[in-house]
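So the structure is just underneath, and the comments pick up after that.
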Amino acid sequence: MVTVEAWCCGHVLRVVSPPKDLKKPRGKKCHFVKFFGTEDHAWIKVEQLKPYHTHKEEMIKINKGKRFQQAVDAVEDFLKKAKGKEQVWGIILFNSLSVSSQPASSMEPISKRLKIVEEDSGSTSIQAADSTAISGSITPTDKRIGFLGLGLMGSGIVSNLLKMGHVVTVWNRTAEKCDLFIQEGARLGRTPAEVASTCDITFSCVSGPKAARDLVFGPSGVLQGIRPGKCYVEMSTVDPETIIELSQVITSRGGRFLESPVAGSQQLSNDGMLVILSAGDRTVYEDCSSCFQAMGKTSFFLGEAGNAARMMLILNMVQGSFMATIAEGLTLAQATGQSQQTFLDILCQGQMASTFSSMFEDILQGNFKPDYYLKHIQKDLRLAISMGDMANHPTPMAAAANEVYKRAKALDQSDNDMSAVYRAYIH
Ligand SMILES: NC(=O)c1ccc[n+]([C@@H]2O[C@H](COP(=O)([O-])OP(=O)(O)OC[C@H]3O[C@@H](n4cnc5c(N)ncnc54)[C@H](OP(=O)(O)O)[C@@H]3O)[C@@H](O)[C@H]2O)c1
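Residue numbering for the sequence shown follows this note's numbering, starting at 1 and increasing by one per position.
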C-alpha cells in the first residue's frame, strides 16, 4: 500500500508497509521506505524527512546538481500521473544535507548493507547499500583508480566513483567526452598505457570484444603500462575467450586481472544501482569493494576468469529474447485488431511489471532513446549463441531473436535502444 511518496538525495522513495515479520528499529520513530524504481528498502528516521511542498524551493536552491533537478522532475511527473489514481497522503523530501552529517546507522537498509556472502555454489556476493543514500558510510579506497571508456555505462560509473570520493583518472577514445569528468574532479590520462601505469586499479568499459582487445594490445595500450601488482578490471560484456586471453596477458606481465561485466542500463548506471558479476583474481575483487559499492547495488564473485562473461551472456540472451518476444506480441496485437495499450496493461499486472513497464510505454510513444544500445544486445545474443555452439547446446529462441535484431540493425536501429527491435516487425 502506498502511503507517502518521497525522495532521498535524488532518489524517489515512498513509504510503504513493512513486511509483517520485520521488526522496527528501536528508538526514534522511523518510516519503512522503498526506493522508487528499485527494490531497495530502508528504515529512515521521521526527522530526516521533510515535507516536499514546503521545502521544495529551499532544497532546489541548495542542490544545484543535474541529478537533483532530475529527481524533482521525476516527483512532479509522478504526481501528475498519480493524481486521482493513487492514495497520496503527502510528499516528503529527504534532506540531503542531513545525510552527510548524520551517522550511517540512522538508516538501516535491509538487504543492502555491505556484506560478503559465501553461497553453496562457491560464489560470493557483496551487497552494497544504495550508494547515494548512505554515501556517508562508504569509505573510498585510497588506491588510484583509472577508467577507460566513457560511453553510456562508463559515464554513470565514473560519476558515482567521483561522488563517493575516489581519485579517478579517465581516458576515452573520443577525448572530448573526458571534459565533463575533469570538471567533476577527475584527472586526464593521455593513453591507456599511461592510465594503467599510473593507477593501481584500471577499469575498462567499452563496446565489445574488438574494442576490449584494441585497448589492451593497441598502440599505447594497457599492456604497455602494466607492471607487477597493477590491477586491470574488464567491465565490457565480451565472450569468455576474450576474457581468458586478456587475463593471461595481464598476469604474464605480473598484473592482477578481474572481469566485472554489469547487468543494468544507462539509468541504473547513473543511479549507482548496477549488478556486477566478477570473476578472476579474488584479491582484486576485494580491493574493488568501495568502487563496486559506488557503482552498484550488488556484486557477485563467480570464480575463475570467464565465468562472469558466461553468466552475463546468458542473462543478456534471456533479456534480448524477451524484448523481441514483447515486440512480436505488440505487433501481433495490432495486426489482429487488439489494443496494444490494453495488451501492455494486462501484461503489466503480472510479474514482469516492474522492470519493463516504462520501456513498454516508451515503445508505444515511439521513444527509442538508448538506455541499452540495440547494437550491444545483438552483439550479446551473437556471443551467447556462439557459446551455445561451443557447448553443443541448442539456443533456438536466441537464434530467432538474433535474426530479428539483425533486421532491426539493417533498418538503421543500431544506435537506438534495444526496444527499437519493435521496428523490425513493422512492414
Ligand atoms: N548500455 C547498457 O545498458 C549496458 C548494460 C549492461 C552492459 N553493457 C555493456 O557495457 C559495455 C559498454 O556499453 P555502453 O552502453 O557504455 O556503450 P557505448 O555507449 O556504445 O560506449 C562504448 C565505449 O567504447 C569505446 N570504444 C568503442 N570502440 C573502441 C575502440 N576500438 N577503442 C577504444 N574505445 C572504444 C567508445 O569510445 P568513443 O566514445 O570514442 O566512441 C565508448 O567509450 C558494452 O560491452 C555493453 O554491452 C551495456
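Glycine residues also receive a C-beta, built at the ideal position from the N, C-alpha and C atoms.
Computed from a predicted structure; not experimentally measured.
| Check | Outcome |
| --- | --- |
| Leucine 180 CB to nearest heavy atom of ligand 1 below 7 Å | no |
| Leucine 223 beta carbon near ligand 1 (any heavy atom closer than 7 Å) | no |
| Per-residue DSSP class, three states only, for phenylalanine 301 | strand |
| Leucine 188 in three-state terms, based on DSSP | strand |
| CB of threonine 331 within 8 Å of CB of tyrosine 422, strictly | yes |
| Helix, strand or coil at alanine 327 according to DSSP, with G and I counted as helix | helix |
| Exposed unless 16 or more other CB atoms sit within 10 angstroms - verdict on isoleucine 426 | exposed |
| Residues of its chain near glycine 388, where Cβ-Cβ distance is below 6 Å and the 5 sequence neighbours each way are ignored | Thr395 |
| Pairwise C-alpha distance: glutamate 76 and isoleucine 385 | 43 Å |
| Proximity below 8 Å, CB of aspartate 287 to CB of cysteine 348 | no |
| Any non-hydrogen atom of ligand 1 closer than 7 Å to glutamine 413 Cβ | no |
| Cysteine 291 and leucine 148 closer than 8 Å at C-beta | no |
| Validate contact between the region 261–270 and the region 222–229 using beta carbons, cut 8 Å, 3 pairs | no |
| Contact set for alanine 327: own chain, Cβ-Cβ below 6 Å, skip 5 residues either direction | Val421, Tyr422, Tyr425 |
| Limits of the unbroken beta strand (DSSP E) element including serine 289 | Here serine 289 belongs to no beta strand (DSSP E); instead the alpha helix (DSSP H) covers 289–295. |
| Rounded separation between isoleucine 201 and lysine 379 - CA only | 27 Å |
| Span of the beta strand (DSSP E) around alanine 279 | 274–280 |
| Stretch pair the region 264–280 + the region 182–196: three plus CB contacts closer than 8 Å | no |
| Valine 216 versus methionine 359: straight-line alpha-carbon distance, rounded | 35 Å |
| Any non-hydrogen atom of ligand 1 within 7 Å of methionine 153 CB | yes |
| With 16 other Cβ atoms within 10 Å as the buried cut-off, status of alanine 193 | buried |
| Exposure of glutamate 234, with buried meaning 16 or more beta-carbon neighbours within 10 Å | buried |
| Given isoleucine 363 as reference, the closest of Asn270, Ile346, Gln341, Arg253 once Cα atoms are compared | Gln341 |
| Span of the beta strand (DSSP E), counted from its first residue to its last, around tyrosine 232 | 231–234 |
| Ranges of the beta strand (DSSP E) found wholly within the region 334–401, counting only runs of at least 3 | none |
| 7 Å CB neighbourhood of alanine 401 in its chain, flanking five on each side removed | Gly320, Ser321, Ala324, Leu381 |
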